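Asks: Numbering (this note's numbering), first residue to last: 1 to 60.
1) So for residue 45, helix, strand or coil by DSSP?
2) Please classify residue 13: does DSSP put it in a helix, a strand, or coil?
3) What would DSSP say about residue 40, mapped onto helix, strand or coil?
4) Taking just the CA atoms, how far does residue 17 sit from residue 53?
5) Taking residue 59 as part of the alpha helix (DSSP H), name the residues at either end of that continuous run.
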């Protein structure tokens, strides 16, 4: 029969549009997530808020 799609391709154009829309919205909202990151204030060249660097190394 003419004009009919095979059973597996009926929703392909719609799925492609939804995928493109999702990718576009993800790229648009990506900078907002970077701005919302909670980063420690820079107090020097190395910020050791976890306390991993010992006092002798900090003094050097």
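The C-beta atom is built at its ideal place from N, Cα and C for all residues, glycine as well.
For clarity, every value in this text was computed on a predicted model and none was experimentally measured.
Replies: Reading from the atomic positions:
1) coil
2) helix
3) coil
4) 51 Å
5) 55-59
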